[in-house]
Amino acid sequence: MAALVLTMVVCLLLGLAVVLAVAVPARREGKDLLTPRGEEVVARVRERTEHVASATKERTEEVLATAKDKVGEVLPSR
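Heads up: the sequence shown is residues 230 to 307, going by the numbering used here.
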């Protein structure tokens, strides 16, 4: 089992080294890492994530308020 984990870590480090060997020099030369289509995809994902996060926050606040109201009804006030 330890050999498997060690092999996975080595593969991960090799992959990271390859990405760094390609991306860092390209970035220093002023090249973009993503194509224009890739930039559009990232923008859409970012926009969708913001929308989902705000909707989740609103729903969580509603559930929390409802739960507090229910607890207030069940427990007597001091």
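Even for Gly, the Cβ is constructed at its ideal location relative to N, Cα and C.
The beta strand (DSSP E) runs of length 3 or more contained entirely in the segment 237-264 do not exist; there are none. The DSSP-derived three-state label of LEU304 is coil. Spanning the alpha carbons of HIS280 and GLU290 requires a straight line of approximately 16 Å.
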